[in-house]
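Novice: Protein chains in written order, with this note's numbering: chain A, 1 to 477; chain B, 1001 to 1469. Think of the CB as a built atom: it goes at the ideal place given N, C-alpha and C, for glycine as much as any other residue.
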Amino acid sequence: MYATIGLETHAELLTESKLFCSCSAKFGGGENEHCCIGCSGFPGAQPSLNKKALELIIRAGFALNCEISRLTKWERKNYFYPDLPSAYQVSQMERPVCVGGELQIEAGGESRTIRLNRIHLEEDAGKLTHGGGKSFADYNRAGVPLIEIVTEPDFHSAEEVIAYVEKLRQILQYADICDGKMEQGSLRCDVNISLASVADTAAGKLGTRTEIKNLNSVKAIGRAVQAEIERQTDIIESGGRVIQQTLRFNDANGEIIPMRTKEDAHDYRYFPDPDIPPVILTDEELERFRAALPELPEARYRRYADEFGLPPKDAAIILNDKNVSDFFDNAVKHYNNYKTLAGFIIVELLRRVNLGEVDMAALPFTAGEFAELQRFVDEGKINRDIRKDILRDMIESTKTVKEICDEKNLWIKEDSGAVEAVIDSVIAANPKAVEQYRSGEMKVFGFLMGQANKELKGSAAPAAVKNMLEKKLKGHG
Amino acid sequence: MNFTKFSLKQLRKSLDDKQISTRELALLYLERIKNNSDNAYISVTEEEALNNADFAQKIIDSGESSALTGIPCSIKDNICVAGIKTTCGSKMLEEFVPFYDAELIRTLKSQGYVLTGKTNMDEFAMGNSNRTSAFGNVSNPHDSKRVSGGSSGGSAAAVAAELCAYSIGTDTGGSIRQPAAHCGITGLKSTYGRISRQGVTAFAGSFDTVGALAKSAEDCAVVMESLCNNESFGDKLGCDIKGVKIALIKELFTEAVEVNVKSAVMDTVELLRSRGAEIIEVSIPVLQYAAPAYFALASAEGVSALSRFDGVRYGLKGNGAVYDEQLRDSRTRGFGEEVKRRIMLGNFVLSGDNMDNYFRKALAVKQQIIREYDEIFTKADAVVSPTSMRTAFSLDEPSDFVKIYSSTLYTVPANLAGLPSVSTPCGKDKATNLPIGVSITGKRFDESTILQIADFLEKATGFCERGRE
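Okay, structure coming up:
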């Protein structure tokens, strides 16, 4: 059996305010703190469309090669649920903002094109919590602008689905459309799956499809798709029939749980929202929106690889997180040794980020300071070996690189007399080791070198120390 | 002096000249409300009125009064006033006290309005006799055994019985004009979108409009100017109507119109012609579908607008162990029969294939009617028609829904096309002495012309009476 899969991805937009009122669209806040008569469904409330939300969905359309509708309008999707205060969701049916589109993905060593059906702009619902035999409604999220990106049924494996979601998420983040925080629900997926024989699939005869709702991590999406393919395979192989239904995936135990069947599906009674006039988009507006489209991950990759000459692997690591990539781009504005900066980020900064010592989204130092440190290293003003210690000081204090180096006397000393004095004292203090070296036990050189460095605290160029030490040892003073 | 018979401009002068204080004027109206039994009000806001009056007096004393400062009014009970119960004529909202003002209320408050109370209405503005109110019928001030009309029945009766100087109502399918005609006053439905609906409980967002009910076209103009930031509505009052082009639409003068009504309206037309207006006769065959199209569209939107009433955040709290049970109980007990009928109708036209068979066809009718009216207005300045096919009927008359729905033909075209329309008294039924109304409908945003014509008729015929005799 061959799986055919389609995806609906909901992404909350990075707007300041909600889709149809001026309440904050920020995640969190006290219960029902970001609410007004509009988003909590009081009598007489009137909507007013958020222009920024319209710009962001059009931006998504540009990023995903969609056609942008010149006339777009909104319908009401009617159903009763306590998280939906007005008992209708304003959504788009007939004239979504974006039509068609596509996204290239790499999966299983192959490049594939996933076709999009549409992207539309709608409002999110509130959040319900249950406890102590009671239910509580929080409408902070109600009315937050949401785009729904609907694909054609172009996937055939969990791997492809994952590749798509990861790439889509990256694009949405880079275009400042959505923060992509799946754990906060700002990006979530519904997956439609059906199974049929390869021949039937090729002939366009697909099996009965089921839909798994509200998957909110890449891992859960992969596991849910796999579990559902297995569940349907088992049903078909044991002679049963898959029934059309809506399902839920239990992340804790990997189980697929039925929510409702086709029979109790809602009749949403879509009709044009009488309170929201259709929007007509002009060429000028679209051009303005296009001009404001931020650089997308693929363009950045080309810039890093072709223009900056970064190794492909390094470019990919930096691009993996938009915060890192933005930080890198800021750093290279101050200092243009792309390769050493990229290396410093990958080797030192990301290590600390991964250790949880520092948050990429809230670094205590600027990209300029970070670049400055690498510049001092590259210019031979600071010993490369103490770069990581200075970085730690920058994380722990608010001091500049220069202040740290001044205070701790970390600058490489140009004065060879000072180095010579230190080496002389090391030789004088370790007569036994000196004797061993001179009698051919060359390995003690490292020990003496270490003693000298310890004394110098990295304030001398390592080569200079090495040369001077060798000269002193070989030349018998 | 009988202040309650005064026009708004006369009241303005009296207040500014200190012939009467705002408090005295408010008390005069409050006293009349107390002694009246037409049930025009759902809530009488005596304390609010006196507070408003004191505030208004300060504005007047500082010489900064505007047209409506200190003049007692009433507001239809589907318009939110902060801290004042706003029921929409429904048990569902019997206890609902909004914490916010409608945009238009903010405008009125800033000018020192005086609120005597919230007027009775058909439940959620669904009805044309005010008999669907959860708070009882409104009697027609001209005959207490007859209906006031609706849905702004309370507002029309309150103005006619001189319980307030003017009232603000809403008109979705004729809800200002029809009760104005039945109660013998002037009612103006504004151009769709002209007055903010923020804070006005929705019935059908495509058609809902706000307007004025008052003693005359001139008073309506004064109220509208105050609501619309002094945009001009009364600029053509008193201008010669010579050369004004009036269209009569054949389909609005059918056999269904009662003889007395038709002859009163035709007398009006003759009067206009005799004073130099040009009369053009036109036909819009698609108007035969106007009322069914209106009911399909308005009910569909109504279903959706009423869905927020679930008793969770406000409104009648439902009993039951789970949400679904509470929801069902709240809505079963909260809504009256007519509202439930419209919900059924609206859900029907939106469900499954009916969307194409009814809703979309109704939309096509609406579009056609818009085009036809636009065409007429290339040749004419206004359309004259009866407001209602008959005068106020008995409160006891059984409800024949098909008849009631189809009787809206005379008012719904202005809503379908988004046009301003004013109804003004043009005669009296010879047998019953009940008022008859004529409607003048104009181009979008051209309230000035229809008010000019209505004002001319009021002065020429003398049928614009001041309240109950």
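Under DSSP, the beta strand (DSSP E) around Leu368(A) begins and ends at which residues?
Specialist: Working through the first sequence from its first residue, we reach residue 368(A) at position 368. The question names Leu, but residue 368(A) in the sequence shown is Gly. No beta strand (DSSP E) contains Gly368(A), which is instead part of the alpha helix (DSSP H) from 367 to 378.
Novice: Is the shortest distance between the beta-carbon of Asp267(A) and the beta-carbons of chain B less than 9 Å?
Specialist: Within the first sequence, residue 267(A) is the residue found at index 267, counting from 1. Cβ-Cβ to chain B under 9 Å: yes for Asp267(A).
Novice: For Ala1082(B), collect the residues of the same chain with a Cβ closer than 7 Å to its Cβ; drop the 5 residues on either side in sequence, then sort them by chain order.
Specialist: For the purposes of this step, residue 1082(B) is taken as residue 82 along the second sequence, with counting starting at 1. Within the same chain, Ala1082(B) has close Cβ partners Pro1098, Phe1099, Tyr1100, Asp1101.
Novice: Taking the continuous beta strand (DSSP E) assigned at Leu247(A), which residues delimit it?
Specialist: Reading the first sequence from its first residue, position 247 is the one you call residue 247(A). Its beta strand (DSSP E) spans residues 245 to 250.
Novice: Along the segment 1191 to 1206 of chain B, what residues have a CB closer than 8 Å to any CB found in chain A?
Specialist: The segment 1191 to 1206 of chain B vs chain A, Cβ under 8 Å: Ser1196, Arg1197, Gln1198, Gly1199, Val1200, Thr1201, Ala1202, Ala1204, Gly1205, Ser1206.
Novice: Would a check of beta-carbon distances place Val1303(B) closer than 9 Å to chain A?
Specialist: In the second sequence, counting from the first residue as 1, residue 1303(B) sits at position 303. Yes, its Cβ sits closer than 9 Å to a Cβ of chain A.
Novice: Rounded to whole angstroms, what is the Cα-Cα separation between Cys98(A) and Leu319(A)?
Specialist: For the purposes of this step, residue 98(A) is identified with residue 98 of the first sequence, where counting begins at 1. For the purposes of this step, residue 319(A) is identified with residue 319 of the first sequence, where counting begins at 1. Distance between the alpha carbons of Cys98(A) and Leu319(A) is about 27 Å.
Novice: Spatial neighbours of Thr246(A) within its chain, please: C-beta separation below 7 Å, excluding the five flanking residues on both sides.
Specialist: Counted from its first residue, the first sequence places residue 246(A) at position 246. Hits under 7 Å: Glu211, Lys213, Met259, Arg260.
Novice: Can you list, in chain order, the residues of its chain with a C-beta nearer than 6 Å to that of Phe961(B)? Leave out the 5 residues immediately preceding and following it.
Specialist: For chain B, the structure presents residues 1001 to 1469; residue 961(B) sits outside this window and is missing.
Novice: Does DSSP put Gln1010(B) in a helix, in a strand, or in coil?
Specialist: Taking the second sequence and counting its residues from 1, one reaches residue 1010(B) at position 10. Gln1010(B): helix per DSSP, three-state reduction.
Novice: I'd like to check one pair, Ala461(A) with Ile478(A): are the Cβ atoms closer than 9 Å?
Specialist: In the structure displayed, chain A extends from 1 to 477; residue 478(A) sits before or after that span and is not available.
Novice: Could you list which residues in chain B have their beta carbon closer than 7 Å to that of Asn516(A), in chain order?
Specialist: Lying outside 1 to 477, the shown extent of chain A, residue 516(A) is not represented and no answer is given.
Novice: Could you check the C-alpha separation between Lys1242(B) and Pro1425(B) for me, to the nearest Å?
Specialist: The count along the second sequence starts at 1 and reaches residue 1242(B) at position 242. The count along the second sequence starts at 1 and reaches residue 1425(B) at position 425. Between Lys1242(B) and Pro1425(B), the C-alpha separation is close to 21 Å.
Novice: Taking 8 Å as the cut-off, does the segment 1376 to 1396 of chain B touch the segment 1254 to 1270 of chain B (at least 3 CB pairs, one atom from each stretch)?
Specialist: Touching, yes.
Novice: Closest Cβ-Cβ distance between Pro1413(B) and chain A: below 9 Å?
Specialist: Counting from 1 along the second sequence, the entry for residue 1413(B) is found at position 413. Not an interface residue.
Novice: Can you tell me whether Ile57(A) is helix, strand or coil according to DSSP?
Specialist: Against the first sequence, residue 57(A) aligns to sequence position 57. Reduced to three states, the DSSP call for Ile57(A) is helix.
Novice: Let me know if Pro478(A) comes out buried or exposed under the rule of 16 or more other beta-carbons within 10 Å of its beta-carbon.
Specialist: Since the displayed chain A opens at 1 and closes at 477, residue 478(A) lies outside it and no answer follows.
Novice: Quick test of the definition: if touching needs 3 or more C-beta pairs under 8 Å, does the segment 1304 to 1312 of chain B touch the segment 224 to 235 of chain A?
Specialist: Judged by Cβ distances under 8 Å, the segment 1304 to 1312 of chain B makes no contact with the segment 224 to 235 of chain A, as fewer than three pairs qualify.
Novice: For chain A, is any of its Cβ atoms less than 9 Å away from the one on Val1312(B)?
Specialist: Stepping through the second sequence from its first residue, residue 1312(B) is reached at position 312. Yes, its Cβ sits closer than 9 Å to a Cβ of chain A.
Novice: Have a look at Met468(A) and Lys313(A) and give me their C-alpha separation to the nearest angstrom.
Specialist: Counting from one through the first sequence, the residue named residue 468(A) turns up at place 468. Counting from one through the first sequence, the residue named residue 313(A) turns up at place 313. Distance between the alpha carbons of Met468(A) and Lys313(A) is about 39 Å.
Novice: Just the chain A side, please: which residues come within less than 9 Å of Tyr1323(B) by C-beta, in chain order?
Specialist: Within the second sequence, residue 1323(B) is the residue found at index 323, counting from 1. Ordered by position in chain A, the residues that pass the 9 Å Cβ test against Tyr1323(B) are Phe80, Tyr81, Pro82, Ser135.
Novice: What number of angstroms, rounded off, separates the C-alpha of Ala11(A) from the C-alpha of Cys178(A)?
Specialist: Counting from 1 along the first sequence, the entry for residue 11(A) is found at position 11. Counting from 1 along the first sequence, the entry for residue 178(A) is found at position 178. Each residue's alpha carbon lies about 6 Å from the other.
Novice: If you check the beta carbons only, do Val1422(B) and Ser1439(B) fall under 9 Å apart?
Specialist: For the purposes of this step, residue 1422(B) is taken as residue 422 along the second sequence, with counting starting at 1. For the purposes of this step, residue 1439(B) is taken as residue 439 along the second sequence, with counting starting at 1. Yes, they are a contact pair.
Novice: Count the other CB atoms, across all protein chains shown, that sit within 10 Å of the CB of Lys322(A); report buried if there are 16 or more and exposed otherwise.
Specialist: Against the first sequence, residue 322(A) aligns to sequence position 322. Buried, by the Cβ-count rule.
Novice: Where does Ser439(A) land, buried or exposed, given buried means 16+ other C-beta within 10 angstroms?
Specialist: Within the first sequence, numbered from 1, the residue matching residue 439(A) stands at position 439. The residue in question, Ser439(A), is exposed, as its Cβ has fewer than 16 Cβ neighbours within 10 Å.
Novice: Could you round the C-beta distance between Cys1164(B) and Ser1074(B) to whole angstroms and report it? I think they count as a contact, below 8 Å.
Specialist: For the purposes of this step, residue 1164(B) is identified with residue 164 of the second sequence, where counting begins at 1. For the purposes of this step, residue 1074(B) is identified with residue 74 of the second sequence, where counting begins at 1. Indeed, because the Cβ distance is near 4 Å, the residues count as touching under 8 Å.
Novice: Short check: CB of Met1121(B) to CB of Ile1042(B), under 9 Å?
Specialist: Residue mapping note: residue 1121(B) aligns to position 121 of the second sequence, counting from 1. Residue mapping note: residue 1042(B) aligns to position 42 of the second sequence, counting from 1. In this structure, Ile1042(B) lies closer than 9 Å to Met1121(B) by Cβ.
Novice: Using a 10 Å radius around the Cβ and a threshold of 16 neighbouring Cβ atoms, would you call Phe136(A) buried or exposed?
Specialist: Here residue 136(A) refers to the residue found at position 136 of the first sequence. It counts as exposed.
Novice: Mind pulling the chain B residues with CB within less than 8 Å of Gly41(A)?
Specialist: One-based indexing of the first sequence puts residue 41(A) at position 41. Per Cβ cutoff of 8 Å: Arg1308, Arg1313.
Novice: Quick one, which residues of the segment 16 to 47 of chain A are near chain B if we go by CB-CB under 8 Å, in chain order?
Specialist: Taking 8 Å as the Cβ-Cβ cut-off against chain B, the residues of the segment 16 to 47 of chain A that qualify are Ile37, Ser40, Gly41, Phe42, Pro43, Gly44, Ala45, Gln46.
Novice: Rounded to a whole number of angstroms, what is the C-alpha to C-alpha distance between Asn1357(B) and Thr1086(B)?
Specialist: The sequence position of residue 1357(B) within the second sequence is 357, counting from 1. The sequence position of residue 1086(B) within the second sequence is 86, counting from 1. Looking at the two C-alpha atoms, the distance is approximately 37 Å.
Novice: Check for me: the beta strand (DSSP E) holding Ile1168(B) runs from which residue to which?
Specialist: Working through the second sequence from its first residue, we reach residue 1168(B) at position 168. Residues 1166 to 1171.
Novice: What first and last residue would you give for the alpha helix (DSSP H) that runs through Arg290(A)?
Specialist: The count along the first sequence starts at 1 and reaches residue 290(A) at position 290. That run of the alpha helix (DSSP H) goes 283 to 291.
Novice: In angstroms with no decimal places, state the Cα-to-Cα distance between Gly477(A) and Asn453(A).
Specialist: As a first step, residue 477(A) is located in the first sequence; it is residue number 477 there, counting from the start. As a first step, residue 453(A) is located in the first sequence; it is residue number 453 there, counting from the start. For Gly477(A), the pLDDT reaches just 44, beneath the cut-off of 50, and the residue's location in the model is therefore unreliable, although a value from the coordinates is still provided. Going by the C-alpha atoms only, they are around 19 Å apart.
Novice: Using a Cβ cut-off of 8 Å, pull out every chain A residue sitting near Phe1055(B), in sequence order please.
Specialist: Your numbering for residue 1055(B) matches position 55 in the second sequence. The contacting residues do not exist; Phe1055(B) stays about 24 Å from chain A at best.
Novice: Spatial neighbours of Asp275(A) within its chain, please: C-beta separation below 8 Å, excluding the five flanking residues on both sides.
Specialist: If you number the first sequence from 1, residue 275(A) lands on position 275. Here the set comprises Gln46, Pro47.
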